[in-house]
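I have placed the structure first, in the form of structure tokens, so that the comments after it can refer back to it.
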Amino acid sequence: MHELQFLIIAVIILALVFDFINGFHDTANAIATSVSTRALKPRTAIIMAAFLNFFGAMYSTGVAKTIGGDIVKSAEHIDEHIIVAALIGAIVWNLFTWWIAMPSSSSHALVGGIIGAVLVSTGAIGLNFWGIGKIVLSLILSPIIAIVVGFIIMNIFYLLFGKFRPSSLNNKFKRMQIITAATMAFSHGSNDAQKSMGIITLALLSGGYIDVFEVPYYVKILAATAMACGTAIGGWKIIKTVGGRIFKLQPISGFAADLNSSVIIFSATVLSLPVSTTHVVSGSIMGIGSAKRIGAVRWGTAQQMLMAWVLTIPCTAIVGALVYSLMCYVFGL
């Protein structure tokens, strides 16, 4: 088999593995709140999330174009070796943070892996700093917005429903939470699966298999299926962290968290901006918990998550750079 063909096949496989891992790593984003409040049984929630992740992934390709076109200056500054190194860096980080049950950003991991590999390959001249800045800004601002808006929404809910009996509210919001969990799963698929679509399409473009950066339909199907299958497995460790170790959710607060998160994530998808669903959901829960009282949020867990968020891009950049350097040594690039 020709080396270029082999590398493109390797990119496609690794991208789908990344998408699969992203599915079970980020399952918590879609269902942790509804599972922790017992609005949905875990297995039912995971099956629902898997289907809606698939359909969400088929929604658009704007985020894929941002990932594939805004990190490097042009196709000449990236090749299949760089993409392979970046994907390995992102996969290693995702598996590590899943193993220690720490929610982290698959988006950050992928961006960091690409940056590290490109720096070793072509140097800083190969990076599109304006595009990277736009991506990083959306990744940073989205959880801040989630915290602020979550705080506001929950305070509005307290004003509207504060005089009702808790038992009556819980029963109503449990049923309503099924709807918001579904919208959250769809939103997650609409944003996260496109990152792998962008990587695969970038590899096909650099290999000359397509002439312009347009995501082929079969790439959308492959990425959507990989994420749905990963979601179906379920990331139980992270579900417990997101659902119960940040703030003890009730059906009304779980509903508010899912509503807030799904609106923010889907809005980013419409604007073709990649965001971290992990950051958005966690930020929503922190904001909603703070509306009750600041001390209700387990800030120790939040601090650990913040540390993972800060470290993700530099750590995956280092791993991506090391993998690319190793490939250069082994294959004489």
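Be aware that the sequence shown starts at 41, since it is given in the working numbering, and climbs by one per residue. All C-beta atoms, glycine included, are put in the ideal place defined by N, C-alpha and C. Keep in mind it's a predicted model, so treat the numbers as computed, not measured.
{"Item": "Helix, strand or coil at leucine 80 [DSSP, three-state]", "Value": "coil"}
{"Item": "For aspartate 110 and serine 293, the rounded distance between their alpha carbons", "Value": "37 Å"}
{"Item": "Element boundaries [alpha helix (DSSP H), containing valine 259]", "Value": "257-273"}
{"Item": "Counted within 10 angstroms of its Cβ, other Cβ atoms place methionine 237 as buried (16 or more) or exposed", "Value": "buried"}
{"Item": "C-alpha gap between serine 6 and glycine 152, whole angstroms", "Value": "For the chain, the structure presents residues 41 to 373; residue 6 sits outside this window and is missing."}
{"Item": "Cβ pair glutamine 290, threonine 77 closer than 8 Å", "Value": "yes"}
{"Item": "Inter-stretch contact at 8 Å, needing at least 3 Cβ pairs: the segment 318-333 / the segment 79-94", "Value": "no"}
{"Item": "Whether asparagine 168 touches lysine 113 by CB criterion (8 Å)", "Value": "yes"}
{"Item": "Pairwise C-alpha distance: histidine 319 and phenylalanine 306", "Value": "14 Å"}
{"Item": "Extent of the continuous alpha helix (DSSP H) run through phenylalanine 191", "Value": "169-201"}
{"Item": "The alpha helix (DSSP H) enclosing alanine 130, as first and last residue numbers", "Value": "120-139"}
{"Item": "For tryptophan 349 and histidine 148, the rounded distance between their alpha carbons", "Value": "8 Å"}
{"Item": "Contact between the segment 352-363 and the segment 129-136 (3+ Cβ pairs under 8 Å)", "Value": "yes"}
{"Item": "Assumed close pair phenylalanine 197, alanine 296 - CB separation to whole angstroms, cut-off 8 Å", "Value": "6 Å"}
{"Item": "Cross-strand partners of valine 112 (DSSP beta bridge)", "Value": "Leu167"}
{"Item": "Proximal residues to alanine 264 (C-beta, below 6 Å), its chain only, five neighbours per side dropped", "Value": "Phe94, Ala97, Met98 and Ala233"}
{"Item": "Span of the alpha helix (DSSP H) around glutamate 43", "Value": "43-65"}
{"Item": "Proximity below 8 Å, CB of tyrosine 364 to CB of alanine 157", "Value": "yes"}
{"Item": "Buried or exposed (CB count within 10 angstroms, at least 16 for buried), aspartate 20", "Value": "Not covered by the structure: residue 20. The range shown for the chain is 41 to 373."}
{"Item": "Three-state class that DSSP yields for serine 230 in the structure shown", "Value": "helix"}
{"Item": "Test item: CB-CB of glutamine 217 and alanine 79 under 8 Å", "Value": "yes"}
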